[in-house]
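Each residue of the sequence shown is one higher than the one before, counting from 955 in this note's numbering. Note that CB positions come from ideal geometry on N, CA and C, so glycine has one too. So the structure is just underneath, and the comments pick up after that.
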Amino acid sequence: MLLLLDAPNLGEREKEMLLQCVDSTYVSTAGPFVPEFEERFARYLGAPAAVAVQSGTAAIHIALEELGVGAGDEVIVPALSFVASVNPVLYAGAFPVLVDVDADTWTLGIRKVHEAITPRTKAIIPVNLYGNPCDMDALLEICEQRNIAIVEDATESLGGTWRGKPTGTLGEFGCFSFNGNKLITTGGGGMVTARDAERAKRVKFLVNQARDASKGYYHPELGYNYRMTNLEASLGLAQMERIDFFLQKKRMFARIYKEALDGLPGVALQKETPGAESAWWLPSITVEHVSVPELQEALRERGVPTRRIFSPLHTYPYLQKHAPFPCPNAERIYEQGLNLPASTANDEESVRRAAEIVRTVLLEKGAHE
Ligand SMILES: Cc1ncc(COP(=O)(O)O)c(C=O)c1O
């Protein structure tokens, strides 16, 4: 079986649901599936409310807008993430402050956050990188003391938990992505979960061009078209039927890699945050003794697709001025890190084979020295 890195897992149910949309002509925002998907998603997480949007990026942006984040405000973001964690801060007109991540868990560390907080800090965006939840206890405490909002970037951690609570339900808002490579997909789409159901209503209003439908086409505020479509939500509902199965597979794949690679000298798996259960969206390693491009090429030749870690955000020209402190961990993890294949369309046997190949190649390249 061909090994897949992060391809979606789609089946007959998805086809059936899409056909229902086509047959009913409800392909755009109207139709039953968006509210059904929102309801089902909120219930799955135990969140008071959820609002479906066009992407994870839109989810983060609209959460910041609803919090009133804007010019003169600072927002703390980890330096190691996908660029969509930080761009919405700039869309909102605020100033991102990039801080380093923990060397082992690859997520925001409280000590670094402490250093970066100023009286202008309005929000923090903890990113649960590759599915691994941040240590939220200290973060929640300091945010409460200082009246700072938490917008969880849970785009990669659907299914992960912090002290038994699902990621995305711990801050004011939780943001999810249903891009094709995520745990569940709607093609492209996202979700905002809210701790306060009233706030969710406001988000629903803002993503629909801030339309007051009681007055027809009347828009009393600046809004956005960030609506999800019925087509997308139909896929989301089909995928929700198998979400636990997908999650079990991700966790099984992580265990397989751990068994095969843990303990190899110079090789480290991303460490699950103590107190958290990772969603293991993409199991990832760092390697000390071989260059990542060389390792990637050797694995590619043997049929194992891999992916490099995100470039640290402060290395992009337009973000250089946003990192007031050094970020050596983000830089090292980027230099040495690799995501391993974990599409839920893979079966157990092929991931066992992948793990064995990774182990063999690492040993050939000198992991035993
Ligand atoms: C960490 C992180 N944040 C934000 C996003 C944005 O999600 P989307 O691609 O749906 O806009 C993604 C995923 O792509 C992501 O991995």
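Pairwise C-alpha distance: residue j and residue i
i       : j       : result
Val1040 : Ser1265 : 13 Å
Leu1317 : Trp1234 : 24 Å
Leu1094 : Thr979  : 45 Å
Leu1083 : Thr1061 : 6 Å
Glu1323 : Ala996  : Because the pLDDT at Glu1323 is just 47, under 50, the model does not fix this residue reliably, and the point stays unresolved.
Arg1074 : Glu990  : 39 Å
Phe1207 : Glu1175 : 47 Å
Glu1195 : Gly1134 : 17 Å
Pro1282 : Asp1054 : 7 Å
Gly1113 : Ala1284 : 25 Å
Val981  : Val988  : 11 Å
Thr1227 : Val1312 : 24 Å
Ser1245 : Tyr1172 : 58 Å
Gln1193 : Leu964  : 8 Å
Leu1267 : Arg1254 : 27 Å
Arg1286 : Phe1159 : 42 Å
Gly1320 : Glu1186 : 47 Å
Ile1104 : Gly1024 : 15 Å
Glu1013 : Tyr1211 : One point to set straight first is that residue 1013 is Ala, not Glu, in the sequence displayed. Near 32 Å, if we compare the C-alpha coordinates of Tyr1211 and Ala1013.
Gly1118 : Lys1066 : 25 Å
Asp1089 : Ala1277 : 22 Å
Arg1181 : Thr1260 : 33 Å
Arg1307 : Val1315 : 12 Å
Ala961  : Phe1132 : 12 Å
Leu1218 : Glu1302 : 22 Å
Thr1140 : Thr1123 : 21 Å
Thr1121 : Ala1252 : 36 Å
Ala966  : Leu972  : Reading off the sequence, residue 966 comes out as Glu, not Ala. Whole-angstrom Cα-Cα distance: 10 Å.
Tyr1270 : Gly1170 : 44 Å
Residue i - containing beta strand (DSSP E), residue span
i       : result
Pro1050 : 1049 to 1053
Asp1107 : 1103 to 1107
Glu1318 : Run containing Glu1318: none in the beta strand (DSSP E); it sits in the alpha helix (DSSP H), 1302 to 1318.
Cys1129 : 1127 to 1131
Thr1147 : 1144 to 1148
Val1031 : 1028 to 1032
Ala1154 : That residue, Ala1154, is in no beta strand (DSSP E); its alpha helix (DSSP H) goes 1151 to 1161.
Beta-carbon spacing of residue i, residue j below 7 Å
i       : j       : result
Cys975  : Ser1188 : yes
Ile1030 : Ala1070 : yes
His1015 : Pro1042 : yes
Val1146 : Ala1038 : no
Ala1309 : Ala1214 : yes
Glu1019 : Val1051 : no
Leu956  : Pro1295 : no
Gln1290 : Val1241 : yes
Lys1204 : Thr1059 : no
Phe1127 : Ala1148 : yes
Gly1085 : Ser1232 : yes
Phe1200 : Leu1249 : no
Ile1102 : Ile1078 : yes
Ala1004 : Glu992  : yes
Glu1109 : Gly1010 : The sequence shown places Thr at residue 1109, not Glu. For Thr1109 and Gly1010, yes; Cβs fall inside 7 Å.
Val1007 : Ser1035 : no
Asn1162 : Gly985  : no
Gly1177 : Ala1167 : no
Start-to-end residues for the alpha helix (DSSP H) that takes in residue i
i       : result
Asn1293 : First-last for Asn1293: 1291 to 1293, but that is the beta strand (DSSP E), not the alpha helix (DSSP H).
Lys1212 : 1197 to 1215
Lys1076 : Not the alpha helix (DSSP H): Lys1076 falls in the beta strand (DSSP E), residues 1075 to 1078.
Gly1190 : 1184 to 1194
Pro989  : 987 to 999
Ile1239 : That residue, Ile1239, is in no alpha helix (DSSP H); its beta strand (DSSP E) goes 1238 to 1241.
Ala1233 : Taken as a continuous stretch (DSSP letters only), Ala1233 belongs to no alpha helix (DSSP H), as it is neither H nor E.
Leu1223 : Premise fails: Leu1223 lies in the beta strand (DSSP E), 1221 to 1223, not in any alpha helix (DSSP H).
Val976  : 966 to 978
Any heavy atom of ligand 1 nearer than 6 Å to the CB - residues listed:
Ser1009, Gly1010, Thr1011, Ser1035, Phe1036, Ala1038, Ser1039, Val1081, Asp1107, Thr1109, Glu1110, Ser1131, Asn1133, Gly1144
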